[in-house]
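Per this note's numbering, numbering of the sequence shown is gapless, rising by one per residue and ending at 338. Just so it is clear, CB atoms sit at the ideal spot from N, CA and C, and this is done for glycine as well.
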Amino acid sequence: MRVGVIGAGNIGTAHAVSLAREVSGSTVTAVFDVAGERAQAVAADLGARSLPSAQAVIEDESVDAVVIASPDDLHAEHALACLAAGKPMMLEKPLASTLEDAQRVMDAEVARGERLIMLGFMRRFDPGYVALKASLASGDVGEALVVHNIHRNAYAAYGLDTTLSINNSAVHEVDISRWLLDEDYAWVQVLSGKPGPDVPDGQQDPLLITFRTTSGVMVTIEMFMTARYGYEVRCSVVAGNGILDMDDGTFVTRTSQGSRGQDIPELWLGRFGEAYRAEMQAWIDGIRGLTGPAGASTWDGFMAAVSCRAAVDALNRGKAVEIDVPNRPAIYST
Ligand code: ISE
Numbered sequence: 005m006r007v008g009v010i011g012a013g014n015i016g017t018a019h020a021v022s023l024a025r026e027v028s029g030s031t032v033t034a035v036f037d038v039a040g041e042r043a044q045a046v047a048a049d050l051g052a053r054s055l056p057s058a059q060a061v062i063e064d065e066s067v068d069a070v071v072i073a074s075p076d077d078l079h080a081e082h083a084l085a086c087l088a089a090g091k092p093m094m095l096e097k098p099l100a101s102t103l104e105d106a107q108r109v110m111d112a113e114v115a116r117g118e119r120l121i122m123l124g125f126m127r128r129f130d131p132g133y134v135a136l137k138a139s140l141a142s143g144d145v146g147e148a149l150v151v152h153n154i155h156r157n158a159y160a161a162y163g164l165d166t167t168l169s170i171n172n173s174a175v176h177e178v179d180i181s182r183w184l185l186d187e188d189y190a191w192v193q194v195l196s197g198k199p200g201p202d203v204p205d206g207q208q209d210p211l212l213i214t215f216r217t218t219s220g221v222m223v224t225i226e227m228f229m230t231a232r233y234g235y236e237v238r239c240s241v242v243a244g245n246g247i248l249d250m251d252d253g254t255f256v257t258r259t260s261q262g263s264r265g266q267d268i269p270e271l272w273l274g275r276f277g278e279a280y281r282a283e284m285q286a287w288i289d290g291i292r293g294l295t296g297p298a299g300a301s302t303w304d305g306f307m308a309a310v311s312c313r314a315a316v317d318a319l320n321r322g323k324a325v326e327i328d329v330p331n332r333p334a335i336y337s338t
């Protein structure tokens with residue numbers, strides 16, 4: 005698969021390098037970024053061409069498939085252009101920056117009648133979450149009653165904006181808990197309280213978000229964007245017959261000089277490196293026809309957008325909000 009990459013920031017560059025050097029069955033042939041020198045540097049490093057626009061990448065004859073790692077508010081525009089060109093894409097999360105745009109992208113894919121989008125919810129490929137889902141599915145601890153999530157960033161990489169904390173960050177927990185439990189949300193409430201020391205006036209951080217699923221499982225998310233000390237993601241499931249805590253295989257405990265400790269990453273690339281690599285391999289295998297569709301679909305991205313919109317409403321209105329689950333279009337039934 006000859007892949008074109010739109011967006012050569014941290015994550016776009018990581019995907020490009022992984023596709024060129026680690027994933028089997030793919031090469032990178034074209035790169036675009038608004039910062040032209042960055043695109044040129046990545047392209048030169050990987051033996052690709054740097055092109056003058058996102059559209060040029062999408063239309064280029066040397067591009068069979070596209071990675072979209074542009075800013076969130078351009079996801080819909082770039083996804084719609086790829087759909088129009090009939091090219092498969094790995095679209096970074098979230099599906100779009102608004103629910104209305106998410107709906108437009110899903111409608112366009114449904115109108116085409118074929119699934120071309122894999123959404124970048126990489127945690128579905130993280131060994132920790134995969135093991136957690138397998139343990140839960142084995143039935144050993146019984147039925148899930150509560151899922152507790154913790155998601156902390158050392159600092160808000162895109163500036164602290166409470167809506168973005170939900171739509172760009174907590175969206176990961178919204179998706180992964182829905183995937184773990186295999187059900188949708190029916191209800192959400194959001195609390196904020198005393199702000200952390202780095203929180204500007206008018207913004208709220210940390211947030212405590214609670215969803216209830218259609219069968220009644222409670223899902224809690226502590227979303228703390230300005231935790232200072234490092235990047236940390238945790239998940240525990242409280243079930244009827246036991247507890248599952250996700251181990252974080254990335255850390256080594258070092259005991260020396262009378263103390264015991266672990267290094268923790270500053271950013272998500274350090275924590276989820278293997279998940280990103282596995283996600284890219286699954287995407288390439290899927291579009292080469294070696295496996296079926298992999299990872300999160302447009303429907304999963306749309307349901308995450310519906311759920312995040314309800315959470316933002318709940319925060320702004322200061323009360324719980326009910327969530328209506330729309331009908332799932334037939335192309336997403338498998
Ligand atoms: C960022 O965009 C990501 O996707 C990271 O995985 C997440 O942890 C971070 O909070 C987001 O800002």
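Where does the unbroken alpha helix (DSSP H) through residue i begin, and where does it stop?
i      : result
Thr17  : 14-25
Tyr159 : Tyr159 -> no alpha helix (DSSP H), and no H or E assigned at all.
Glu41  : 40-50
Tyr189 : That residue, Tyr189, is in no alpha helix (DSSP H); its beta strand (DSSP E) goes 189-196.
Ala141 : 131-142
Would you kindly work out how many angstroms separate the C-alpha atoms of residue i and residue j, rounded to a whole number?
i      : j      : result
Pro201 : Ile213 : 20 Å
Cys86  : Gly265 : 47 Å
Asn331 : Ala314 : 17 Å
Val67  : Met222 : 44 Å
Leu164 : Ala231 : 12 Å
Pro269 : Ala161 : 14 Å
Leu195 : Gly322 : 8 Å
Asn245 : Pro56  : 57 Å
Phe255 : Val150 : 26 Å
Gly262 : Val175 : 40 Å
Ala334 : Ala112 : 14 Å
Thr257 : Asp267 : 8 Å
Trp191 : Ala58  : 38 Å
Arg238 : Val9   : 31 Å
Val374 : Leu78  : The shown model of the chain, from 5 to 338, leaves out residue 374, and the question about it has no answer.
Ser240 : Val46  : 38 Å
Ile154 : Glu65  : 44 Å
Arg182 : Leu294 : 27 Å
Ala18  : Arg42  : 13 Å
Ala158 : Leu50  : 31 Å
Pro204 : Met229 : 12 Å
Thr217 : Gly206 : 30 Å
Tyr280 : Phe129 : 7 Å
Leu319 : Phe306 : 20 Å
Gly117 : His82  : 19 Å
For residue i, which three-state DSSP category applies?
i      : result
Phe125 : coil
Thr167 : helix
Arg321 : helix
Ala69  : strand
Glu63  : helix
Ala148 : strand
Ile10  : strand
Val329 : coil
Leu231 : First, the residue type needs correcting, since residue 231 is Ala and not Leu in the sequence shown. In the structure shown, Ala231 sits in coil (DSSP, three-state: anything other than H, G, I, E or B).
Arg119 : coil
What first and last residue would you give for the beta strand (DSSP E) that runs through residue i?
i      : result
Glu226 : 222-228
Leu185 : Premise fails: Leu185 lies in the alpha helix (DSSP H), 175-185, not in any beta strand (DSSP E).
Leu211 : 211-217
Val35  : 31-36
Looking at C-beta atoms only, is the number of pairs between the region 6-13 and the region 63-75 that lie closer than 8 Å three or more? By the Cβ test, the region 6-13 is in contact with the region 63-75, since at least three Cβ pairs between them sit closer than 8 Å.
Quiz prompt | Minimum length 3: unbroken beta strand (DSSP E) runs contained in the region 235-318 | solution = Counting only runs of 3 or more, we get 236-243, 246-249, 258-260, 263-265.
*At which residue ranges does the region 86-112 contain complete beta strand (DSSP E) runs of 3 or more residues, listed in the order of the chain?*
Counting only runs that start and end inside the region 86-112, the beta strand (DSSP E) elements of at least 3 residues fall at 93-96.
Taking one C-beta from the region 309-320 and one from the region 96-110 each time, how about it: are there three or more such pairs within less than 8 Å? Touching, yes.
Count Cβ pairs between the region 80-99 and the region 123-133 that sit closer than 8 Å; are there 3 or more? Yes, the region 80-99 touches the region 123-133.
inquiry  = Can you confirm whether the region 135-153 touches the region 298-307 when touching is taken to mean that 3 or more C-beta pairs between the two stretches lie within less than 8 Å?
reply    = With the cut-off at 8 Å, the region 298-307 and the region 135-153 do not touch.
Exercise for the section: Mind the definition here: the region 205-219 touches the region 167-175 only if three or more C-beta pairs lie below 8 Å; say whether that holds. Expected result: The answer is yes - the region 167-175 touches the region 205-219, with three or more Cβ pairs under 8 Å.
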